[in-house]
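Residue numbers (my numbering): 96 to 309. Built from N, CA and C at the ideal position, the CB exists for glycine as well. If you're wondering where the values come from, they're calculated on a predicted model, not measured in any experiment. The structure appears below as structure tokens.
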Amino acid sequence: MTGPDKESIFPLPNYNRLCFLKNILKNPNIIVGDYTYYDDFEDVANFEKNVKYHFDFTGDKLVIGKFCMIASDVKFIMNGANHLSNAISAYPFAIYGNGWEHAMEGKTYPNKGDVTVGNDVWIGYNATIMAGVQIGDGAIISANATVVKDVAPYSIVGGNPAREIKKRFSDTNIEKLLEMAWWNWPIEAITENIQDLTDNNVDDLYQKWNNKRI
Numbered sequence: 096m097t098g099p100d101k102e103s104i105f106p107l108p109n110y111n112r113l114c115f116l117k118n119i120l121k122n123p124n125i126i127v128g129d130y131t132y133y134d135d136f137e138d139v140a141n142f143e144k145n146v147k148y149h150f151d152f153t154g155d156k157l158v159i160g161k162f163c164m165i166a167s168d169v170k171f172i173m174n175g176a177n178h179l180s181n182a183i184s185a186y187p188f189a190i191y192g193n194g195w196e197h198a199m200e201g202k203t204y205p206n207k208g209d210v211t212v213g214n215d216v217w218i219g220y221n222a223t224i225m226a227g228v229q230i231g232d233g234a235i236i237s238a239n240a241t242v243v244k245d246v247a248p249y250s251i252v253g254g255n256p257a258r259e260i261k262k263r264f265s266d267t268n269i270e271k272l273l274e275m276a277w278w279n280w281p282i283e284a285i286t287e288n289i290q291d292l293t294d295n296n297v298d299d300l301y302q303k304w305n306n307k308r309i
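Rendered as structure tokens:
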């Protein structure tokens with residue numbers, strides 16, 4: 096056995112509220128890795144609706160890694176939401192035309208870059224991720240958090256604005272986990288070591304991996 100079919104839309108039999116996300120996406124500027132799932136209370140089609148202000152002309156991307164867990168009502172606020180904050184007025188005059196169409200000549204709206212979510216990241220219910228944020232591998236974003244700055248790998252953050260609550264492992268073990276990058280192993284190796292991946296003994300798994308037994 097090698098786990099569920101990564102190409103399936105609904106990997107749980109008779110349950111259509113949880114999907115492997117990459118298999119339902121239509122927007123080419125949303126890129127998602129294998130086995131990442133989205134669970135929605137109503138309809139998994141809500142995921143793209145919750146990627147807000149994601150306009151083609153802005154060109155920014157939402158990139159999510161493998162084996163991530165994304166809860167219902169998680170929202171990503173993209174760069175199309177940005178207004179001028181260092182001008183006298185933040186009002187978007189130019190979009191209305193009728194004599195205002197030249198308001199932005201020689202100027203640009205702020206662009207903080209892509210939103211990037213690493214691998215094995217758990218994003219809790221109703222969390223909001225702001226434009227330009229990078230979330231490291233193995234991080235956990237608590238329910239209702241508003242993430243306005245980058246999140247370190249294997250850290251737990253919560254609140255508004257989100258702040259680090261604690262690290263999931265010691266710095267030494269985080270280095271080992273990032274070095275192993277288990278999400279890039281062949282699926283057969285992941286399946287074979289599934290008991291280790293659901294345990295907390297990083298040293299044992301690292302020793303196996305370092306000895307080329309994985």
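Next on the checklist: Check this for me: beta carbons of Met225 and Lys207, under 9 Å apart or not?
Outcome noted: yes
Checklist entry - Below 9 Å between beta carbons: does that hold for Val242 and Ile235? => result Not closer than 9 Å, so no.
Checklist entry - How many Å lie between Asn295 and Lys101 at the Cα? => result Roughly 26 Å between the two C-alpha positions.
Item to check | Straight-line Cα distance separating Asn279 from Thr97 | outcome: 14 Å
Next on the checklist: Just to confirm the assignment: which complete beta strand (DSSP E) runs, minimum length 3, are found wholly within the stretch 174 to 254?
Outcome noted: 210 to 212, 250 to 253
Checklist entry - With 16 other CB atoms within 10 Å as the buried threshold, where does Pro205 fall? => result exposed
Next on the checklist: Give me the DSSP bridge partner(s) of Val158.
Outcome noted: Ile126, Thr211
Checklist entry - Are Val216 and Gly231 closer than 9 Å when you measure CB to CB? => result Yes; because the gap between Cβ atoms is below 9 Å, this pair is in contact.
Checklist entry - To the nearest angstrom, how far is it from the Cα of Asp299 to the Cα of Thr267? => result 14 Å
Next on the checklist: Classify Lys161: buried if its beta carbon has 16 or more other beta carbons within 10 angstroms, exposed otherwise.
Outcome noted: buried
Checklist entry - Can you tell which of Lys307, Ser265, Val246, Phe115 has its C-alpha closest to the C-alpha of Pro256? => result Val246
Next on the checklist: By the three-class DSSP mapping on this structure, what secondary structure does Leu113 have?
Outcome noted: Correct three-state label for Leu113: strand.
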